[in-house]
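Just so you know, we're using my numbering here: the sequence shown kicks off at 2 and counts up by one. Each residue gets a CB set at the ideal place from its N, CA and C atoms; glycine is no exception. If you're wondering where the values come from, they're calculated on a predicted model, not measured in any experiment. Input: a single structure, listed below in structure tokens.
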Amino acid sequence: MIEVINVTKTFADKLALDQVSLQVKGQSIFGLIGPDGAGKTTLFRVICGLLRADSGQVLLDGGTASRLSKGELGYMPQRFSLYGDLTVMENINFFGSLYGLSHNLILQRAGEILDITGLAPFKKRLAHQLSGGMKQKLSLSCSLLTRPKILILDEPTYGVDPDSRKEFWKILYQLNHEGMTVLLSTPYMDEAELCHQLAFINQGQLLALDTPGHLKERLLHQVLEVRTGVKDPYFFNNIPGVLYSSFYGYKHRLIVENIESTSSLIAQLAKPQVSESFSLEEVEPSMEDLFVYLTEIGT
Ligand SMILES: Nc1ncnc2c1ncn2[C@@H]1O[C@H](COP(=O)(O)OP(=O)(O)OP(=O)(O)O)[C@@H](O)[C@H]1O
Ligand SMILES: [Mg+2]
Numbered sequence: 002m003i004e005v006i007n008v009t010k011t012f013a014d015k016l017a018l019d020q021v022s023l024q025v026k027g028q029s030i031f032g033l034i035g036p037d038g039a040g041k042t043t044l045f046r047v048i049c050g051l052l053r054a055d056s057g058q059v060l061l062d063g064g065t066a067s068r069l070s071k072g073e074l075g076y077m078p079q080r081f082s083l084y085g086d087l088t089v090m091e092n093i094n095f096f097g098s099l100y101g102l103s104h105n106l107i108l109q110r111a112g113e114i115l116d117i118t119g120l121a122p123f124k125k126r127l128a129h130q131l132s133g134g135m136k137q138k139l140s141l142s143c144s145l146l147t148r149p150k151i152l153i154l155d156e157p158t159y160g161v162d163p164d165s166r167k168e169f170w171k172i173l174y175q176l177n178h179e180g181m182t183v184l185l186s187t188p189y190m191d192e193a194e195l196c197h198q199l200a201f202i203n204q205g206q207l208l209a210l211d212t213p214g215h216l217k218e219r220l221l222h223q224v225l226e227v228r229t230g231v232k233d234p235y236f237f238n239n240i241p242g243v244l245y246s247s248f249y250g251y252k253h254r255l256i257v258e259n260i261e262s263t264s265s266l267i268a269q270l271a272k273p274q275v276s277e278s279f280s281l282e283e284v285e286p287s288m289e290d291l292f293v294y295l296t297e298i299g300t
């Protein structure tokens, strides 16, 4: 279990973490979401013991010592420094020896890990010749070498195509099934939905923590999908009652205060703009709506 208790961290005059407290239960997959600069990486680095908090405490399974060096905690940083001119296996050897593992142990574990991550056929490929998804899998492989009980992954699938992201998640579920606690950040809301628990932070403050399902229930406003020929992304922005609008090329998604009054207003405004089909329907709030709501509108 990871316990973060009242952790505050400042960089010069920037308050990066503001009295953050949370608990990650053993054997869970815990997601951290929040906009750029929210403090996600800073929190992970404090948990790993790579950064010292100004105040507060992090307990890992009840102990205060940093576990990173003992190998009980694996960390995949946001920007991993793979050695492009080393092969997959050479990278693994290099990182294994950094952790102080013997050559034989590295070989034995690399065999298992490369099977899990599907990189076994690419052992001899130079890291810079791997696809984006494979590079991330190699990073993950390196962070697994010590067989950590807790795995911390900072945006591990960023920039990876949807199929590879699915494969990556299968691996995470498998590791979790085998007993590993996984704490990760992600900019992808479909991935956020896959976590057992989800925390949202903004400007260094923890604003919400719950299961993905319960978090979505916090969105007290309604969501409308409007399909029109209107291609202006800002068309619905200043309509009274519309709290937020986003444009997906073929539909507008609106968070609205009062569905009845706003719907008729929208219909009035949007219909004359289009000769072809117009539709407007209330839809279930998504995790992305919640993210926008917490980031842009307030709690
Ligand atoms: N070493 C540092 N020196 C100064 N400021 C820093 C440092 N590291 C982070 N910050 C600042 O602290 C705040 C939190 O940064 P952090 O990297 O933790 O955010 P993040 O949520 O990981 O963002 P992103 O989604 O872009 O990765 C930001 O304002 C950032 O500029
Ligand atoms: Mg970050």
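Assumed close pair residue i, residue j - CB separation to whole angstroms, cut-off 8 Å
{"i": "residue 9", "j": "residue 39", "result": "That pair is no contact at about 15 Å."}
{"i": "residue 75", "j": "residue 153", "result": "7 Å"}
Paired residues, beta bridge with residue i - DSSP
{"i": "residue 209", "result": "201"}
{"i": "residue 32", "result": "185 and 199"}
{"i": "residue 246", "result": "255"}
{"i": "residue 64", "result": "61"}
{"i": "residue 56", "result": "9"}
{"i": "residue 223", "result": "257"}
DSSP three-state assignment for residue i, whether helix, strand or coil
{"i": "residue 2", "result": "coil"}
{"i": "residue 303", "result": "Limits of the chain in this structure are 2 at one end and 300 at the other, which puts residue 303 out of reach."}
{"i": "residue 13", "result": "coil"}
{"i": "residue 296", "result": "helix"}
{"i": "residue 105", "result": "helix"}
{"i": "residue 238", "result": "coil"}
{"i": "residue 75", "result": "strand"}
Any non-hydrogen atom of ligand 1 closer than 6 Å to residue i Cβ
{"i": "residue 17", "result": "yes"}
{"i": "residue 37", "result": "yes"}
{"i": "residue 12", "result": "yes"}
Opening and closing residue of the alpha helix (DSSP H) in which residue i lies
{"i": "residue 167", "result": "163 to 178"}
{"i": "residue 140", "result": "133 to 145"}
{"i": "residue 99", "result": "89 to 99"}
{"i": "residue 44", "result": "41 to 49"}
{"i": "residue 270", "result": "260 to 271"}
Cβ-heavy atom distance, residue i to ligand 2, below 6 Å
{"i": "residue 204", "result": "no"}
{"i": "residue 158", "result": "no"}
{"i": "residue 41", "result": "yes"}
{"i": "residue 223", "result": "no"}
{"i": "residue 79", "result": "yes"}
Where the beta strand (DSSP E) through residue i begins and ends
{"i": "residue 231", "result": "That residue, residue 231, is in no beta strand (DSSP E); it is neither H nor E in DSSP."}
{"i": "residue 282", "result": "280 to 284"}
{"i": "residue 154", "result": "151 to 155"}
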